[in-house]
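Data first, discussion second: the structure below is written as structure tokens.
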Amino acid sequence: MSMTPRAGLQVADELAAFIEDEALSGTGIQADAFWSGVADIFARFAPENRRLLTVRDDLQVRIDAWQGERRGAAHDGAASEAFLRGIGYLVDEPAPFAIGTRNVDAEVATLAGPQLVVPSLNARFVLNAANARWGSLYDALYGTDALGDPPPPGPFDTARGARVVARAKAFLDEAVPLAEGRWDDLGDPHGGIAIRDPGQYIGRTERSRLFRHNGLHIEVVFDRDHPIGRDDPSGIADVVLESALSTIVDLEDSVAAVDAADKVAAYRNWLGLMRGDLVETFEKGGRSMTRALAPDRDFTASDGSTVTLPGRSLLFVRNVGHLMTTPAVMLPDGGDAPEGVLDAIVTSLIGMHDLKGRGRFRNSRAGSIYIVKPKMHGPEECAFTNALFDAVEDLLGLDRHTIKVGVMDEERRTSANLAACIHAVRDRIVFINTGFLDRTGDEIHTAMQAGPVVRKGDMKTSAWIAAYEARNVAIGLQCGLSGRAQIGKGMWAAPDRMADMLEQKAAHPKTGANTAWVPSPTAATLHALHYHQTDVFALRAEIAARPVPGLDALLTPPLASGVTWSDAEIAEELDNNAQGLLGYVVRWIDQGVGCSKVPDIHDVGLMEDRATLRISSQHMANWLLHGVCSAEQIEAALAGMAAKVDAQNAGDPLYRPMAPDPANSLAFQAARALVFDGVSQPNGYTEPLLHAFRRRAKGAA
């Protein structure tokens, strides 16, 4: 990369140009003052960032030694907790407190509904996600297996259409019951619609009526000229649901951003969202299509006033964690800059365009910038983020706590000290979310020396999982997040299995969580049904009265004590891990795709990102370390599954097969390194190896 000197730093030309020509424009901040402040922030925070990573490594070395001495012995919860307190892994609980976060948008604080996560590098996906605030229930039911069977190919199926209409009207009967009769019996609504609770009526347009239930809006569309409305007794053409209340634009696990060009592409999409001018043109079905951000939606209330509702999700941006550095900025000592520090500065600078009202739309009407911070280990790292955000606010001239933080509860040290982590960011926290996948990867790595872990499919029934999920909500409520911040649950990874999602993800609102992740706008519309079925905020008083689960179950490692697997079971597990590993890595390394629907070993498409990769690679590394399998068995599994993944991707013209020449396939070698070097990777993270191999692939290209 060509570098430009700025205030003692070396900044990649494309990053310097983007910041000075685009991101700073209209903020009132001069370039020289900005770079001087940036240099000061790096000088202050880079050494502390490095120290915190050293603390992580030192703690893991001590844990490894302690577990190694006790390998084969039964888990002793009291001894384990005493040891972890002694080394500073566990800290004292703070005195009872309530968070003090202010200026939080309703989508975060007082509403309950789905949340999307979308890779920042794909402008089309970003726009789709931002516009997923509203979704057609008719389309979601017809085009998925939500009714129990997949959509038929070919022209419109009238029988299926009738089932869709019946299901949607049954939903209306539950959410917005009529004063008399059922929605299916509703006659011509020209004279009005009498509903049981008139307070649910919000307004109307020329062709629709708007209602509200459990805080979420429902628009019933009437159109006699529409193919569906034409044959409907009441002329109902669609039922449109308020769906993805919020969206996380991701710079982290779902992207492959390894250099300045990648970072600028991601930052530019975030800037386009904050300015409201992001546009993407693409080919679909042989036609050129252009996508832009959806406008707000206006309705006329009963008194003639205008009710304006947001047309887009409230947008968060997820920065990277503390581990990675970036060559986009070089420090005065010649080292790469901490990437998370750069993200905090640049994404907040871009957020100023929204705060100053320079964009076409407003994102935060409460005047906040929302940043999700992943992969923090314990309260000291949360305090570091809090101080960093203070410094960024000072650099940009923002009021204190304008920058809000979402804390991902996805590392064991954070889970075990969650109240203290929340306390460290208590005046800016707007979000805690369980990340089952990364949390499992960290669980395996933390217990690496203790013994072989259970099979991957058995992790969900481990003792620590139930304690983790329950503690997260209980502690969040105990710390006063209700009404001020989100409490969230993790992703549904199978976008083609919406019937299963409707059955299983109904459990998330029942835990007291007011959001949960979904993989697509369609899934958001279907998941919204769950928040009509369950009034999350009404449940919370009952949930808050329950005792917080203790640490013992949370700290019980998922070891396969006394379990012996057959050769067939071991081979099955290795193949499953190897296939998922290779299927994801080959797209990451060769094509720079950080998140996509990857066929699993049974050819079921699953949304994969680095978190799923972390589990698979750490699981194989653990079994190899403890002799459950041999290096030769792993090599055989990788070789066999390379051929399977090649076959699964045979229709992709950009795909580079691995099996014919694995020694010269960077993707295959990256996957292999993730397993055989897995024990030594910091906290089992996959990023260092992925970034190294991706840079080699980009260089070769």
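Counting from 2, one number per residue, gives the positions in the sequence shown under this note's numbering.
From the three backbone atoms N, C-alpha and C, an ideal C-beta is built for every residue, glycine too.
Nonlocal neighbours in the same chain, by C-beta distance under 6 Å from residue i, ignoring five residues either side
i      : result
Glu609 : Tyr585 and Val599
Met409 : Pro375, Asn434 and Gly436
Ser666 : Met659
Ala622 : Val676, Gly679 and Val680
Leu497 : Checking the displayed sequence, the identity of residue 497 turns out to be Asp instead of Leu. The answer, listed in chain order, is Gly606.
Asn577 : Ile602
Ser81  : Leu556
Among the options, the one whose alpha carbon lies nearest that of residue i
i      : options                           : result
Val259 : Ala266, Arg695 and Val119         : Arg695
Arg313 : Thr327, Pro296, Asp226 and Met325 : Pro296
Tyr139 : Cys383, Gln68 and Ile237          : Ile237
Arg366 : Leu54, Ile590 and Val109          : Val109
Val373 : Gly69, Asp254, Gly679 and Ala417  : Asp254
Lys645 : Ala660, Ile635 and Trp589         : Ala660
Ala724 : Val318, Pro548 and Asp334         : Look at the range of the chain in this structure, 2 to 702, and you will see that residue 724 is not part of it.
Leu315 : Ile249, Gly287 and Ala648         : Ile249
Val713 : Lys461, Ser483, Phe390 and Thr462 : The displayed coordinates of the chain run from 2 to 702. Any statement about residue 713 would go beyond what the structure contains.
Leu274 : Asp653, Arg197, Thr206 and Phe362 : Phe362
Asp58  : Ala329, His446 and Ser244         : His446
Glu543 : Glu470, Gly513 and Leu350         : Gly513
Pro550 : Pro234, Gln479 and Glu207         : Gln479
Leu179 : Val347, Ile194 and Lys461         : Ile194
Gln619 : Ile423, Gly442, Val426 and Ala245 : Gly442
Ala425 : Ala147, Arg72, Ile100 and Gly114  : Ile100
Leu10  : Phe538, Met492, Arg429 and Thr327 : Thr327
Ala524 : Glu175, Met4, Lys506 and Lys511   : Lys506
Trp705 : Arg472, Met449 and Gly652         : With the chain covering 2 to 702 only, the question about residue 705 has no answer from this structure.
Tyr686 : Ala612, Ala83 and Asp653          : Ala612
Leu399 : Val12, Gln487, Glu23 and Thr28    : Thr28
Glu207 : Glu220, Val62 and Asp536          : Glu220
Gln682 : Pro156, Ser3, Ile30 and Val62     : Val62
Asn320 : Gly489, Ser617 and Ile351         : Ile351
Close-in-space but distant-in-sequence residues of the same chain around residue i (CB under 8 Å, 5 per side omitted)
i      : result
Ile203 : Leu211, Phe212, Arg213, His218, Phe300, Ala302 and Val308
Gly50  : Looking at the sequence shown, residue 50 is not Gly but Asn. Around Asn50: His323, Pro339, Gly341, Val342 and Phe385.
Val256 : Pro120, Ser121, Leu122, Asp263, Ala267, Gly595 and Cys596
Thr403 : Asn104, Leu356, Gly368, Ser369, Ile370 and Glu394
Phe317 : Ser247, Thr248, Ile249, Val250, Tyr371, Ile372, Val373, Gly407 and Phe432
Lys699 : Val259, Asp260 and Gly593
Glu175 : His533 and Gln534
Ala486 : Ile100, Thr102, Val105, Val109, Ala110, Ile430, Val431, Phe432, Ile433 and Gly477
Ser289 : Thr282 and Phe283
Asp65  : Met449 and Gln450
Range covered by the beta strand (DSSP E) that runs through residue i
i      : result
Ser81  : No beta strand (DSSP E) contains Ser81, which is instead part of the alpha helix (DSSP H) from Gly78 to Gly87.
Asp146 : Premise fails: Asp146 is in no beta strand (DSSP E) and is neither H nor E.
Val455 : First-last for Val455: undefined, no H or E at that position.
Met275 : No beta strand (DSSP E) contains Met275, which is instead part of the alpha helix (DSSP H) from Ala261 to Arg276.
His214 : Ser209 to His214
Val280 : Val280 to Lys285
Close-in-space but distant-in-sequence residues of the same chain around residue i (CB under 7 Å, 5 per side omitted)
i      : result
Cys630 : Ile571, Leu575 and Trp624
Asn418 : Leu91, Val92, Gly379 and Pro380
Arg414 : Tyr90, His378 and Gly379
Thr557 : His76, Gly78, Ala464 and Trp465
Asp647 : Pro658, Met659 and Ala660
Residue i, enclosing alpha helix (DSSP H) - first and last residue
i      : result
Ile64  : Ala32 to Glu70
Gly700 : Glu688 to Ala701
Lys170 : Thr159 to Ala176
Arg292 : Careful: Arg292 lies outside any alpha helix (DSSP H), inside the beta strand (DSSP E) at Arg288 to Ala293.
Val109 : Ala107 to Ala110
Ala554 : Leu552 to Leu555
Pro663 : Per DSSP, Pro663 belongs to no alpha helix (DSSP H) and is neither H nor E.
Gly379 : Gly379 to Leu397
Leu16  : Asp14 to Phe19
Leu128 : Ala124 to Ala131
Every unbroken beta strand (DSSP E) inside the region 582-644 [3 residues or more]
Runs of the beta strand (DSSP E) spanning 3 or more residues and lying entirely within the region 582-644 occur at 597-600 and 606-609, in chain order.
Is the region 136-146 touching the region 162-180, taking contact as three or more C-beta pairs under 8 Å?
Yes: the two stretches touch, three or more of their Cβ pairs being nearer than 8 Å.
Inspect the CB distances between the region 96-111 and the region 567-584 and report whether three or more fall short of 8 Å.
Counting C-beta pairs closer than 8 Å gives fewer than three between the region 96-111 and the region 567-584, which falls short of the contact rule.
Quick check for students: name the residue ranges of the alpha helix (DSSP H) that lie wholly in the region 399-440, counting only runs of 4 or more.
413-417 and 419-425, all fully within the region 399-440.
Which full runs of the alpha helix (DSSP H) of 4+ residues lie inside the region 476-540, going along the chain?
For the region 476-540, the full-length alpha helix (DSSP H) segments reaching 4 residues or more read 499-505, 508-511 and 522-534 along the chain.
Are the region 269-286 and the region 34-47 in contact at 8 Å, needing three or more beta carbon pairs?
Taking 8 Å as the limit for Cβ pairs, the verdict is that the region 34-47 does not touch the region 269-286.
Go through the region 304-352 residue by residue and report every complete run of the beta strand (DSSP E) that reaches 3 residues or more, in order.
Segments of the beta strand (DSSP E) lying fully in the region 304-352: 307-310, 315-319, 326-331 and 337-339.
Taking one C-beta from the region 74-90 and one from the region 224-238 each time, how about it: are there three or more such pairs within less than 8 Å?
No, they do not touch.
Stretch pair the region 635-644 + the region 532-549: three plus CB contacts closer than 8 Å
Contact between the region 635-644 and the region 532-549 is absent, because fewer than three Cβ pairs lie under 8 Å.
Please give me, in chain order, every unbroken run of the alpha helix (DSSP H) with length at least 4 that falls completely inside the region 224-253.
DSSP runs (the alpha helix (DSSP H)) wholly in the region 224-253: none.
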